[in-house]
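I have placed the structure first, in the form of structure tokens, so that the comments after it can refer back to it.
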Amino acid sequence: MAGQGALSLVATTTVAYWFDKRRGLALGITSAVGTAGISLAPLLVERLVSAYGWRQAWAVEGVAVWLIVIPLALLGIRNKPADLGQHLDGIAPLAGTAVDAPLTGWPLRRALRTGAFWAVAACLAASSMLTTGLNFHQIALLGERGLTPVEAAANFLPQTAAALLATLAAGALIDHVSPKAVLIGAMTLLTCAVLSARLVEPGWTAIGYGLLLGASNGLLRAVESAT
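In the numbering used here, the protein residues as written are 4 to 230.
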């Protein structure tokens with residue numbers, strides 16, 4: 004829960020404090036890097052589990068959090084540009100305007116009365132449930148379709164590539180177009196990915212499944228953050 008929810012929320016909120024004019028692109032890059040890390044982790048973990056067992060692999064992951072994630076959080080994060088004497092978008096405000104004025108937003112009660120809020124929330128909930136289920140059971144699922152454990156784990160590679168490209172593209176698009184089209188596209192790709200899971204075979208169909216699942220996740224993460 005902390006990883007899927009709190010960490011991603013911290014990342015997107017921090018970006019929102021630093022960028023305005025190209026916020027969609029900045030959020031797209033942030034989501035792309037996060038998606039790449041999440042998608043590539045199973046490849047490393049699968050090798051660790053095969054070589055040393057799941058207990059030792061779990062211990063290695065815990066140590067990695069202490070050695071990498073916590074120092075980055077303590078030393079690498081600055082809440083706002085003002086903490087470093089900088090400005091939003093790196094542009095000094097005009098004379099007479101507020102410096103680093105707080106972000107304007109909607110109160111929770113007003114947001115809850117909008118269709119956009121519930122559309123994004125419903126799509127994100129469905130994607131999180133389905134994608135997490137497919138990813139957690141990917142080796143077993145694709146194993147039933149004839150892929151070896153190594154081939155099933157390697158399917159995260161096309162997922163990562165597609166998610167990276169889709170997230171960057173969506174981030175740039177959201178700066179110029181309505182997020183509605185991007186949201187519809189993300190859910191359409193997710194539908195195709197879920198349905199195609201029953202048709203996967205070793206080879207191009209497995210790669211296609213990974214591309215669909217990764218692209219849907221990338222599009223949704225970008226539009227969710229920006230919207």
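Here a beta-carbon is modelled for each residue, glycine too, at the ideal position from N, C-alpha and C.
Residue i: first and last residue of the uninterrupted alpha helix (DSSP H) it sits in
i           : result
residue 62  : 57-67
residue 234 : Residue numbering for the chain in the displayed model covers 4 to 230; residue 234 lies beyond these limits and cannot be assessed.
residue 203 : Segment: none, residue 203 is in no alpha helix (DSSP H) and carries neither H nor E.
residue 155 : 152-157
Integer Cβ distance of residue i from residue j, believed to fall under 8 Å
i           : j           : result
residue 46  : residue 159 : 6 Å
residue 167 : residue 39  : 6 Å
residue 199 : residue 211 : 7 Å
residue 156 : residue 49  : 4 Å
residue 165 : residue 133 : With a Cβ gap of about 16 Å, residue 165 and residue 133 do not count as contacting.
residue 137 : residue 209 : At roughly 13 Å, the Cβ-Cβ gap does not stay under 8 Å, so residue 137 and residue 209 are not in contact.
residue 60  : residue 52  : 5 Å
Buried or exposed (CB count within 10 angstroms, at least 16 for buried), residue i
i           : result
residue 181 : exposed
residue 141 : buried
residue 128 : exposed
residue 162 : buried
residue 224 : buried
residue 15  : buried
residue 173 : buried
residue 196 : buried
residue 185 : buried
residue 35  : buried
Coil, strand or helix - residue i by DSSP
i           : result
residue 139 : helix
residue 2   : This structure gives no information on residue 2, because the portion of the chain shown stretches from 4 to 230.
residue 109 : coil
residue 162 : helix
residue 123 : helix
residue 180 : coil
residue 82  : coil
residue 94  : coil
residue 230 : coil
residue 50  : helix
residue 26  : helix
residue 224 : helix
residue 232 : Outside the displayed range of the chain (4 to 230) lies residue 232, so it cannot be described from this structure.
residue 117 : coil
residue 211 : helix
residue 88  : coil
Straight-line Cα distance separating residue j from residue i
i           : j           : result
residue 82  : residue 202 : 46 Å
residue 110 : residue 171 : 29 Å
residue 44  : residue 230 : 28 Å
residue 169 : residue 222 : 5 Å
residue 94  : residue 20  : 13 Å
residue 124 : residue 188 : 16 Å
residue 18  : residue 149 : 42 Å
residue 22  : residue 92  : 5 Å
residue 143 : residue 153 : 11 Å
residue 207 : residue 179 : 34 Å
residue 175 : residue 90  : 22 Å
Minimum Cβ-Cβ distance from residue i to chain D less than 7 Å
i          : result
residue 47 : Chain labels in this structure do not include chain D; a single protein chain is all it has.
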